[in-house]
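J.: So for the sequence shown, the working numbering puts the first residue at 420; every next one is plus one.
Idealized CB from N, CA, C, for every residue including glycine.
The model shown is predicted, which means the values in this text are computed figures rather than measured ones.
What follows is a single structure, and I will ask about it in a moment.
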Amino acid sequence: MKLLKIMMVWCVAAVMFPYQLLAQSTLKITINPVVTTSAGNPIQGAIITSEDDDYSAVSDSLGVVKLVVSSNAYLAVEAPGYETKLIVASIDLEKIMLFENLEGQDVKVAFQTKDKRDLMGGISYVNMPEILKDNYITYPLDRMEAYVGGFNGNMWGNSSSLVLVDGVPREVDSVHPTEIAQISFLKGVTAVALYGSRAAKGVIMITTKRGVANDQNITFRTNAGVNTPKSYPEYLGSGEYMSLYNEARTNDGLSPLYSENDIYNYSSGDNIYRYPNVDYYSPEYLQKAYAKYDGNLEISGGNETARYYTNVGFMTEGTVMDFGQAAENANERFNVRGNIDLNLNDYISAKVDASAIFYNSNGVNTDYWGGSTTLRPNRFSPLIPIEYIESGDEASAELVETSDHVIDGKYLLGGSQLDQTNPIAGIYAGGSNKFTSRQFQFNAGVDADLRNVIEGLSFSSLFGLNYNTSYTLSFNNEYAVYEPKWTNYNGIDQILSLTKYGQDASSRTQNINDNWFRQTVSFSAQLNYKRTFKEKHNFSAMLIGNGFQIAESEIYHKVSNANLGLYLAYNFKQKYYAEFSGAMVHSAKLPENGRNAFSPTMSLGWRMSEEGFMSSSSVVDDLRLSVSAGILNTDLDIENFYLYEAIYTDEGSWYEWKDGLNNTGTDVRRGENMNLTFPKREEISLELDASLFDQLLTFNGSVFTSKMTGLFVQNSILYPSYFVTGWPQSSWIPFVNYNGDTRNGVDFQLNLNKKIGETVWTLGVSGLYYDTKASKRSENYEDSYQNRQGMPLDAIWGLESMGFFSGMDDIENSPSQAFGEVKPGDIKYKDQNNDGIINAQDEVYLGRGGWSGAPLTMGFNLSAKYRNFTFFALGTMRSGAYAMKNNNYFWVNADDKYSAVVRDRWTEETQNTATFPRLTTLNGANNFRNSDFWLYSTNRFDLAKVQVSYSFPKSILGNGFIKELGTYVSGANLLTVGPNSDILELNIGSTPQTRFYNFGIRAKF
420 MKLLKIMMVW
430 CVAAVMFPYQ
440 LLAQSTLKIT
450 INPVVTTSAG
460 NPIQGAIITS
470 EDDDYSAVSD
480 SLGVVKLVVS
490 SNAYLAVEAP
500 GYETKLIVAS
510 IDLEKIMLFE
520 NLEGQDVKVA
530 FQTKDKRDLM
540 GGISYVNMPE
550 ILKDNYITYP
560 LDRMEAYVGG
570 FNGNMWGNSS
580 SLVLVDGVPR
590 EVDSVHPTEI
600 AQISFLKGVT
610 AVALYGSRAA
620 KGVIMITTKR
630 GVANDQNITF
640 RTNAGVNTPK
650 SYPEYLGSGE
660 YMSLYNEART
670 NDGLSPLYSE
680 NDIYNYSSGD
690 NIYRYPNVDY
700 YSPEYLQKAY
710 AKYDGNLEIS
720 GGNETARYYT
730 NVGFMTEGTV
740 MDFGQAAENA
750 NERFNVRGNI
760 DLNLNDYISA
770 KVDASAIFYN
780 SNGVNTDYWG
790 GSTTLRPNRF
800 SPLIPIEYIE
810 SGDEASAELV
820 ETSDHVIDGK
830 YLLGGSQLDQ
840 TNPIAGIYAG
850 GSNKFTSRQF
860 QFNAGVDADL
870 RNVIEGLSFS
880 SLFGLNYNTS
890 YTLSFNNEYA
900 VYEPKWTNYN
910 GIDQILSLTK
920 YGQDASSRTQ
930 NINDNWFRQT
940 VSFSAQLNYK
950 RTFKEKHNFS
960 AMLIGNGFQI
970 AESEIYHKVS
980 NANLGLYLAY
990 NFKQKYYAEF
1000 SGAMVHSAKL
1010 PENGRNAFSP
1020 TMSLGWRMSE
1030 EGFMSSSSVV
1040 DDLRLSVSAG
1050 ILNTDLDIEN
1060 FYLYEAIYTD
1070 EGSWYEWKDG
1080 LNNTGTDVRR
1090 GENMNLTFPK
1100 REEISLELDA
1110 SLFDQLLTFN
1120 GSVFTSKMTG
1130 LFVQNSILYP
1140 SYFVTGWPQS
1150 SWIPFVNYNG
1160 DTRNGVDFQL
1170 NLNKKIGETV
1180 WTLGVSGLYY
1190 DTKASKRSEN
1200 YEDSYQNRQG
1210 MPLDAIWGLE
1220 SMGFFSGMDD
1230 IENSPSQAFG
1240 EVKPGDIKYK
1250 DQNNDGIINA
1260 QDEVYLGRGG
1270 WSGAPLTMGF
1280 NLSAKYRNFT
1290 FFALGTMRSG
1300 AYAMKNNNYF
1310 WVNADDKYSA
1320 VVRDRWTEET
1330 QNTATFPRLT
1340 TLNGANNFRN
1350 SDFWLYSTNR
1360 FDLAKVQVSY
1370 SFPKSILGNG
1380 FIKELGTYVS
1390 GANLLTVGPN
1400 SDILELNIGS
1410 TPQTRFYNFG
1420 IRAKF
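See the structure below:
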């Protein structure tokens, strides 16, 4: 860690004091080099830039680029998916070879790599090095909805995506973005079929970087930033709370609890220890900002025989809390990865990968944020000043003398008989904990070229192993708190006596708890066939055996996925396409006679731009239409094992014989169904890919309809009433395949690239709109408007409000409320079925919750590159979802802490403007329940990122060992715009949302 900080300082010095300046020759030369891959294939669209000449050019379809530059000028050669290369211009420069991160046009998909022109079935991808050039991130999926259509945290409205890192099931955060070469998003059924049952709701494929046959490259990046909280909950101070609590008691027909003198004293602030007014979000406890540092070092290189890639990184982050042991709270992460590729001979190659992540989090043994939402400001003083203790009070002096926790030498810990533990005392004296997590990953693979057996035949295999473990070490202390008894002598407040609750005690023993582990073992083997006949008939096929098993602590059954896959594909000159993907899947969650099933999928494509009627178009570069369809069998929605079996229990109803002895009978809890089968995802999608105006505009979009059928349900409506008995309590109702869901939607990605003057503009827009429906349900609601069938899967249900009761006449002339006594100022509801009673039968559909993402999600990314400066901005938009204001910040009743929302409460004087019900010290059951009164829109636009970068020109860096040097400043989570942005940016009972401001340096050696 210390070494990395030294390197960070060194890089700053390098920025401020470039070590050499080299003048370039002004002699102009004209050259026409060819840009190729390491395999000798031409690269179209490579950009060659000479900063010395302020000149750039692009390679054509043959890879040729015409350059008119100064002799000995430094040329930067860039192409998507390839390592950037720096060369010196000379008259004999004929060829420029680029080494791939991934092939520039290649995309990792299920068990193979494809040319991006051949992708069908709902596949999107991003090359991470390209993103990191303009937008440094530390979480792999950070704001990916701005780059990928169809992704909003989930894919096409499905949750539970399978995450694969280098082909093995792993957590997303087990890899740092700087380690990643590419992320592929497999959304449609044809894209995921080969991965089997557990992949039926989408796959996120993360491919890490690998070494290339090139000189050794060393890249170092370091960042320093600060988090600033966006907002905190606003609660009433003691005086205002006490006044309104008295009002609540009056509303309930009770006498006031607090006198006017009490309210005055608590409001005055003259003695905050005797009359506390605790603000848990004040600078006394929290700081305005806290720091975060991270850095990583990448080393790669090799030759044709062996190649290597290494990444070492660290992160450390502080806390917003600024007192006691909590001021030491911190998160730390250290990661290391090594990927090695070996060509053992002309036919056999191997790879070995290993990585480790070490994570520590230091915390305290109390829930400060939870306590801050419940502890009323007047309840007690967290600290008791020793100086206020009356002189001569020997008993109190002895308590001070024997206390283990005298804060700053001036305070005892405050509390009361009801608050013998509290968050502030816990932070000062309750001890601390350290959460430790370790992740270890290992991959090994062997590939064999079998062209000597059959031309185009090859074999691949991959073994993967993960082991994750975590535990918490803690020192758990007991502590005493003190409640003072105050008096006043001659206008001076003094503590007359102290009452002690609890004892100071520490075993000084370190406790280990919350032990957890997860182990994943994965293996795949495949035969591949790929061959082109007569330069126009392209055939490929794969036969795959794939499986993984995940074992987790305290879970008896391991999660398993095993399947055999078959892939067949043909295309004619990349013009006409036909692909088949299928898998024989297996699941132990089903009866033995139904554990295997075949999942077939099919895609067809037509590149219309290759037809004669479009070949001469000056507008269309590329235009392809494809259709995909298939059926996937999946056990993802089967919650437990053995659901097909009947359950009998010997803890049933009791009975007795004449002898008076009680006995227990055998009860049935569930019937048997040995005919249960896999739920199915049945889907068809239509996809359009287009490139227009010489790649000025590119577009990809899909329209899809997807059904989940045969979902498990155990419902008495499907069976006669005698299948269930009330006493003894028994049920013979089995699980059956019955429920169905439907998802329909459209996604798109649009990219615009244009150079205007000296500025290169890039704009990306992506989006997803989807609709869901419960297409089949077993239900028997008395009123049809309550049927779930035909309604959104994320439907929010509740009562329809009609304002507040204005008076007793209004109450008497309205339907009776079944939730308790109501008074003027309580919420009035609509009687939907006109039965004269307001109850659960009057609940109606209120809106979509967006639980699998908002119905409409869009993302925008914009970059403008002017000479050595790059401006980048990213925004996201979500629309169409709603949420309930149903936590204790909004549902304030009984002895709850009062938030600022109660200021707009109903009273006789405010009944025409009130936005909150009358205050009550009772449970308020009528008011505090789901209804459109508490419903709010979650529509929002987030300015998620702005970054400005600067790359130092070669004229400054010269021909030394620093090949590239750049710096950047950025801001994240900057702004949220929406009708309820104040709520959306507010966290209740947890750490606050923050804006993050960062400064970074990147150097390549």
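Flag this pair as yes or no: are the beta carbons of Asn451 and Lys485 separated by less than 7 Å?
T.: In contact: Asn451 and Lys485 (Cβ atoms closer than 7 Å).
J.: Going by beta carbon distance, what residues of the same chain come within less than 6 Å of Ala1214, once the five residues before and after it are set aside?
T.: Here the set comprises Tyr1264.
J.: Just list the residues that DSSP pairs Glu902 with in beta bridges.
T.: In DSSP, Glu902 forms a bridge with Thr918.
J.: Residue range of the alpha helix (DSSP H) that Gly789 falls in?
T.: 787-791 is the span of the alpha helix (DSSP H), which, as asked, contains Gly789.
J.: What does a CB cutoff of less than 8 Å around Pro675 pick up in its chain, not counting 5 residues either side in sequence?
T.: For Pro675, where only same-chain residues beyond five positions count, the Cβ hits under 8 Å are Asn665, Arg668, Thr669.
J.: Quick check: the stretch 1253-1272 against the stretch 1189-1206, are there 3 or more CB pairs under 8 Å?
T.: The answer is yes - the stretch 1189-1206 touches the stretch 1253-1272, with three or more Cβ pairs under 8 Å.
J.: Going along the chain, which residues of its own chain have a beta-carbon closer than 8 Å to the beta-carbon of Phe1097, five neighbours each way excluded?
T.: Once the five neighbours on either side are set aside, the close Cβ partners of Phe1097 are Ser616, Val1004, Ser1006, Leu1009, Gly1013, Ala1016, Asn1052, Thr1053, Asp1054, Gly1129.
J.: Grouping DSSP H, G and I as helix and E and B as strand, with all else coil, what is Met734?
T.: In this structure, Met734 counts as strand in the three-state DSSP scheme.
J.: By Cβ distance below 6 Å, which residues in the same chain neighbour Asn1483 in space, the five residues on each side in sequence not counted?
T.: With the chain covering only 420 through 1424, there is no way to say anything about residue 1483.
J.: Mind reading off the beta-carbon distance from Glu564 to Thr1020? Whole number of angstroms is fine, and I expect it under 8 Å.
T.: About 26 Å; that fails the 8 Å criterion.
J.: Quick one: what's Glu1428 bridged to in DSSP?
T.: The chain is shown only over 420 to 1424; residue 1428 falls outside these bounds and no answer can be derived.
J.: Would you list, in sequence order, the uninterrupted alpha helix (DSSP H) runs of no fewer than 4 residues that lie entirely inside the stretch 930-976?
T.: Correct list: empty.
J.: What are the partner residues of Gly1195, as DSSP defines its beta bridges?
T.: Correcting the residue identity first, residue 1195 is Lys in this sequence and not Gly. Gly1159.
J.: Distance, Cα to Cα, Val567 vs Val545?
T.: C-alpha separation (whole angstroms): 8 Å.
J.: Determine the extent of the alpha helix (DSSP H) in which Gly464 is found, giving its start and end residues.
T.: No alpha helix (DSSP H) holds Gly464; DSSP gives it neither H nor E.
J.: Tell me whether Lys992 is buried or exposed, calling it buried when 16 or more other Cβ atoms sit within 10 Å of its Cβ.
T.: Exposed, because fewer than 16 other Cβ atoms sit within 10 Å of the Cβ of Lys992.
J.: If you pair each beta-carbon of the stretch 938-945 with each one of the stretch 848-857, do three or more pairs fall below 8 Å?
T.: Touching, no, given that fewer than three Cβ pairs across the two stretches are closer than 8 Å.
J.: Let me check one thing: in DSSP terms, what residues is Arg726 bridge-paired to?
T.: In the DSSP output, where bridge partners are listed per residue, Arg726 has Gly721, Asp760.
J.: Output yes or no for whether 7 Å exceeds the beta carbon distance between Arg1337 and Gly1255.
T.: Not in contact: Arg1337 and Gly1255 (Cβ atoms no closer than 7 Å).
J.: Tell me Arg1297's beta-bridge partners as DSSP assigns them.
T.: Per DSSP, Thr1276, Arg1359.
J.: I want to know whether the stretch 1175-1185 touches the stretch 1202-1212 - three or more CB-CB distances under 8 Å.
T.: Flag = no, the stretch 1175-1185 and the stretch 1202-1212 do not touch.
J.: Name the two residues that bound the continuous beta strand (DSSP E) containing Pro804.
T.: Start and end: 802-804.
J.: Pick helix, strand or coil for Glu522, following the three-state DSSP scheme.
T.: At Glu522, the pLDDT of 48 sits below 50, so the modelled position is not reliable; the number obtained from the coordinates is stated separately. Looking at Glu522 - three-state DSSP - the assignment turns out to be coil, as it is neither helix nor strand.
J.: For Arg629, which of helix, strand or coil comes out of DSSP?
T.: If DSSP states are grouped into helix, strand and coil, Arg629 belongs with coil.
J.: Under 6 Å Cβ to Cβ from Val453, same chain only, skipping five residues before and after it: list those, please.
T.: So the list reads Gly482, Val483, Lys514, once near-sequence residues are dropped.
J.: On the premise that Ile1103 lies in contact with Gln1133, defined as a C-beta separation below 8 Å, what is that separation, rounded to the nearest angstrom?
T.: In fact, because the Cβ distance is near 31 Å, the residues do not count as touching under 8 Å.
J.: Going by DSSP, what residue range makes up the alpha helix (DSSP H) through Thr821?
T.: 813-821 is the extent of the alpha helix (DSSP H) around Thr821.
J.: Along the alpha helix (DSSP H) that carries Ser1400, what are the first and last residues, could you check?
T.: Here the alpha helix (DSSP H) through Ser1400 covers 1400-1403.
J.: Can you give the Cα-Cα distance for Ser979 and Phe967, rounded to whole angstroms?
T.: Roughly 6 Å between the two C-alpha positions.
J.: Please report the straight-line C-alpha distance between Gly1239 and Tyr886, rounded to a whole angstrom.
T.: Rounded to whole angstroms, Gly1239 to Tyr886 spans 54 Å at the Cα level.
J.: CA-CA distance, Ser1125 and Asn1163?
T.: Approximately 6 Å, taken between the alpha carbons.
J.: For the candidate residues Met661, Thr1085, His976, whose alpha-carbon lies nearest to that of Tyr1061?
T.: For the residues Met661, Thr1085, His976, the minimum Cα distance to Tyr1061 belongs to His976.
J.: Taking Leu1105 as the reference, which of Asn1417, Phe518, Gly541, Asp786 has the closest Cα?
T.: Among Asn1417, Phe518, Gly541, Asp786, the Cα nearest to that of Leu1105 is on Gly541.
J.: Mapping DSSP to helix, strand and coil, what is Ala1237?
T.: Here Ala1237 sits in coil by DSSP.
J.: Tyr728 to Asp592, Cα distance in whole Å?
T.: For Tyr728 and Asp592, the distance between alpha carbons rounds to 19 Å.
J.: Buried or exposed: which applies to Phe837, given that a residue is buried once 16 or more other Cβ atoms fall within 10 Å of its Cβ?
T.: Per the sequence shown, residue 837 should be read as Leu rather than Phe. Label assigned to Leu837: exposed.
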